[in-house]
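In the numbering used here, the protein residues as written are 1 to 960.
Here it is, written out as structure tokens:
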């Protein structure tokens with residue numbers, strides 16, 4: 001099985017990531033640390049076997065695989081599996097169950113998907129799952145399964161554990177308990193005496209525990225008093241510290257300072273009051289400093305151009321729509337041309353003088369050639385005798401005649417293609433098939449329209465003086481002239497498009513006949529014929545006629561080639577000299593209409609320039625006024641209305657000027673009073689030696705703080721006196737408060753509580769034990785219970801013997817089947833070890849092989865001298881090479897038994913030297929011919945080395 005494509009929609013660090021493999025069997029992925037190599041390995045494991053990764057969570061992705069020449073799709077979205085072959089029904093089994101006989105993910109990881117940590121160790125050879133999978137082909141796997149079932153049956157009966165709950169374990173425990181009870185019943189008299197002694201000892205123990213409990217409670221109560229007084233004591237200490245902090249010897253004039261401060265505040269409140277009254281006189285939404293006062297004239301100037309602005313915008317929009325419509329009509333008229341192709345652009349600069357000259361030259365050459373054909377000598381028309389028909393030969397063309405023949409054939413093909421195109425257009429749906437009188441009506445309507453357009457233009461210029469009417473009249477006049485031209489063209493060139501197409505078909509048919517006639521003449525001239533022997537004069541005349549024909553034909557061909565080369569871009573390829581004037585006429589009409597449109601576009605550009613100038617003025621005004629709305633005439637009207645409101649509010653503001661001055665005088669009076677009060681306050685500050693009123697105010701606050709903390713200190717001392725014990729323990733109480741720590745006292749309190757609870761638990765246990773002793777003393781001496789115990793023992797012994805017999809049978813069967821399985825595996829294992837030995841030899845440069853004969857003594861190597869090298873003497877790099885060889889051999893054995901699974905190796909060559917790295921890459925490339933191998937590496941040297949080895953595709957890993 002080969003993986004062809006990997007896609008991770010969401011897994012670990014990968015998002016919307018995909019990778020397509022190369023054609024070789026080994027896929028080497030190079031990337032630095034943290035580039036996602038290990039995440040890619042885990043993702044491939046999860047896609048193959050399912051499950052949820054512990055670190056990366058559920059998988060969302062898919063694999064495209066190729067198995068035995070058939071493609072399969074394995075997709076996963078969390079626990080949902082999407083497994084099928086394209087064109088076949090979905091497969092509802094896991095791939096491991098469907099293809100690989102139920103191999104589990106753990107076994108696959110141990111053999112096929114390896115990191116450097118997974119590589120170490122030989123315990124993989126001893127795992128039961130690996131042995132049954134890789135050495136148990138052809139029935140060995142079923143034998144291993146049977147061994148497991150027998151072992152499970154034996155384990156269900158007995159386990160080697162003191163706490164086992166199997167059937168035999170339970171019976172043995174019950175029998176042991178039964179024997180203990182019987183022993184106890186036999187010794188009940190001695191127990192009674194012992195119980196009395198224990199009962200008296202419990203009374204002494206209770207007294208000791210009660211004394212300890214009393215001491216611990218007293219200690220707890222003392223700690224509780226300290227803790228209840230702790231917060232009060234700390235508060236008194238904090239108050240004393242703040243009293244020291246806020247104590248000041250300055251003599252402050254509190255009342256005078258507060259009076260001045262209050263009067264200053266009242267003066268400032270009155271100043272704010274009269275300032276607000278002055279502001280209330282100002283009309284709503286009015287500011288004397290508004291930009292409307294500065295840019296009012298600009299608004300007036302722009303509003304004068306408002307009508308012109310709206311007219312220009314409307315004319316530009318209508319002009320753009322008209323130009324689009326006229327250009328569409330112009331493009332449509334191109335489809336009606338017979339001499340020009342509508343699917344190619346029309347040439348701009350055409351030399352019509354050369355075209356007319358070349359058309360005249362071609363026409364003359366054609367007439368001379370036709371005249372030469374009419375003067376055909378009589379000798380050229382004699383019939384060939386029947387007897388000479390067998391001697392006739394195929395046409396014999398010269399190089400010049402052959403080139404001419406090829407040119408005529410190409411010309412004939414182009415004419416036939418034009419004929420097919422014209423017939424397809426004629427036969428297309430919607431084409432006219434009957435004559436119509438539409439052109440005459442169009443002429444009449446266009447004439448009436450032209451008269452109306454002239455009247456509208458005159459009215460716009462002379463009467464209404466409106467540019468809108470004038471431009472509209474000109475547009476209407478142009479449309480009427482265009483319609484009149486179209487009607488005239490339709491009247492002179494046929495009443496429908498079909499007639500035009502028929503005319504074009506006639507021209508093409510005529511051209512086709514002409515080319516076919518020239519081609520036949522050329523073939524006939526090149527075909528040798530047998531004829532009677534003519535006279536010398538007739539032969540000479542015939543030769544002169546043929547020579548003249550060759551000369552005229554060359555002149556015609558040259559003229560035709562020159563004509564074809566002159567045909568401009570966009571012209572029909574099948575035109576002849578008679579179509580020259582039609583070609584020029586259609587070109588002139590098209591460009592005349594095009595120039596008319598360009599002239600209107602120029603006038604429209606002038607209107608747009610005028611519109612741009614107005615809008616630039618408006619944008620500048622908008623910027624000065626601070627308006628963010630789009631520039632438009634409607635917005636200009638709204639701004640103009642705001643400007644008018646500003647003008648009216650300004651008039652109202654000027655009318656209330658006298659009242660505003662009165663309010664301003666009141667404000668100034670209170671402002672002067674404020675200054676006087678501030679001078680008096682400054683004198684008071686200078687006397688106290690302070691810089692600012694805030695400093696003076698802060699000292700007053702500190703004085704208040706001192707008084708408050710003094711009160712708190714006195715209250716705390718009173719509370720402590722109430723909490724303090726009697727006089728003899730009072731000093732100890734205050735010393736505990738000064739020297740102790742609340743956290744320590746809390747720990748002591750918790751410790752005392754635990755001790756008290758422990759003693760109480762001991763007392764409860766003691767009381768319970770005393771009750772049990774009393775109950776045991778009451779029940780001793782009963783013989784009925786002993787009889788019941790003897791019957792129960794006999795039943796337990798019988799059931800235990802039966803269970804032991806079943807267990808012995810299971811163990812014997814398991815032992816025999818295990819021996820059979822080991823014998824079977826030993827027959828299969830040497831082939832794997834031979835493969836592993838050959839791989840070790842290649843990886844170590846033929847220095848070592850596996851010691852297969854001594855495998856029972858442990859895995860070891862044999863060097864070239866025959867010396868045995870045990871595992872403990874291996875270097876880390878040599879160990880990695882042996883472990884890799886064993887994994888590759890196990891994978892190879894599995895491919896023989898089931899199929900080849902992809903091998904995934906993550907940075908396993910880290911401890912290989914350069915030579916053994918190359919040997920490992922060459923071995924992997926050889927194995928990759930029959931089994932796909934993925935090799936991840938962070939070493940640039942390995943990546944560069946692999947590029948020189950055939951059979952390895954090298955990739956740079958990227959998560960983008």
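The beta carbon of each residue, even a glycine, is placed where N, CA and C say it ideally should be.
Query                                                                                                                                                                     : Result
Just verifying my parser: in three-state terms, what is the DSSP assignment at residue 235?                                                                               : helix
When the distance is taken between beta carbons, is residue 95 closer than 7 Å to residue 78?                                                                             : no
Go ahead and label residue 633 buried or exposed: buried means 16 or more other beta carbons lie within 10 angstroms of its beta carbon, across all protein chains shown. : buried
Does the separation of the CB atoms of residue 954 and residue 28 fall below 7 Å?                                                                                         : yes
State the CB to CB distance for the pair residue 522 and residue 408, rounded to an integer number of angstroms; the pair is presumed to be in contact (CB under 8 Å).    : 7 Å
Please return the same chain residues whose Cβ sits closer than 6 Å to the Cβ of residue 83, not counting the five positions on each side in sequence.                    : 74 and 91
So is residue 473 buried or exposed if we call it buried at 16+ other beta carbons inside 10 Å?                                                                           : buried
At the level of alpha carbons, what is the spacing between residue 459 and residue 320?                                                                                   : 24 Å
Among the candidates 636, 107, 805 and 373, whose CA atom is the shortest distance from the CA of residue 547?                                                            : 373
Kindly indicate which three-state DSSP category residue 894 falls into: helix, strand or coil?                                                                            : helix
Quick one: what's got a C-beta closer than 7 Å to residue 804's C-beta in the same chain, skipping five residues either side?                                             : 168
Under the three-state reduction of DSSP, which class applies to residue 851: helix, strand or coil?                                                                       : coil
Does the separation of the CB atoms of residue 113 and residue 45 fall below 7 Å?                                                                                         : yes
Return the first residue and the last residue of the beta strand (DSSP E) that residue 257 is part of.                                                                    : Run containing residue 257: none in the beta strand (DSSP E); it sits in the alpha helix (DSSP H), 254 to 280.
Report yes or no: do three or more beta-carbon pairs, one from the stretch 292 to 309 and one from the stretch 552 to 569, lie closer than 8 Å?                           : no
Using a Cβ-Cβ cutoff of less than 7 Å, which residues in the same chain neighbour residue 281 once the five nearest sequence positions on both sides are dropped?         : 656, 659 and 660
Please determine whether the Cβ atom of residue 276 lies at a distance below 6 Å from any heavy atom of the ligand FMN.                                                   : Inclusion of the ligand FMN in the displayed structure is not the case, the ligand content being empty and no account of it being possible.
Have a look at residue 845 and residue 87 and give me their C-alpha separation to the nearest angstrom.                                                                   : 49 Å
Mind checking whether residue 60 and residue 93 have CB atoms under 7 Å apart?                                                                                            : no
Looking at residue 570: is its Cβ nearer than 7 Å to the Cβ of residue 327?                                                                                               : no
Sorted by chain position, which residues of the same chain lie with C-beta nearer than 7 Å to residue 617's C-beta, five sequence neighbours on each side aside?          : 302
Just confirm the distance between the C-beta atoms of residue 606 and residue 323, as a whole number of angstroms; I'd bet it's less than 8 Å.                            : About 14 Å; that fails the 8 Å criterion.
Can you tell me which residues form a DSSP beta bridge with residue 571?                                                                                                  : 340
Could you check if residue 332 is buried or exposed, using at least 16 other CB atoms within 10 Å of its CB as the buried criterion?                                      : exposed
Go ahead and label residue 37 buried or exposed: buried means 16 or more other beta carbons lie within 10 angstroms of its beta carbon, across all protein chains shown.  : buried
Does DSSP classify residue 943 as helix, strand or coil?                                                                                                                  : helix
State the start and end residues of the unbroken alpha helix (DSSP H) segment that holds residue 325.                                                                     : 306 to 334
May I ask you to verify whether the stretch 898 to 905 touches the stretch 96 to 111, counting CB pairs closer than 8 Å and requiring at least 3?                         : yes
Per the contact definition of three or more C-beta pairs closer than 8 Å, is the stretch 231 to 243 in contact with the stretch 758 to 769?                               : no
Looking at the strands, I want to know which residues DSSP matches up with residue 798.                                                                                   : DSSP output for residue 798 lists no bridge partner at all.
Given a threshold of 16 other Cβ atoms within 10 Å of its Cβ, counted over all protein chains shown, does residue 643 qualify as buried or as exposed?                    : buried
Look up residue 59 in the DSSP assignment and say whether it is helix, strand or coil.                                                                                    : coil
Under the three-state reduction of DSSP, which class applies to residue 937: helix, strand or coil?                                                                       : strand
Counting only the same chain and skipping the five closest in sequence on each side, list residues whose C-beta sits under 7 Å from that of residue 315.                  : 468, 471 and 607
Going by DSSP, which residues form a beta bridge with residue 29?                                                                                                         : 936 and 955
Helix or strand or just coil, what does DSSP make of residue 931?                                                                                                         : coil
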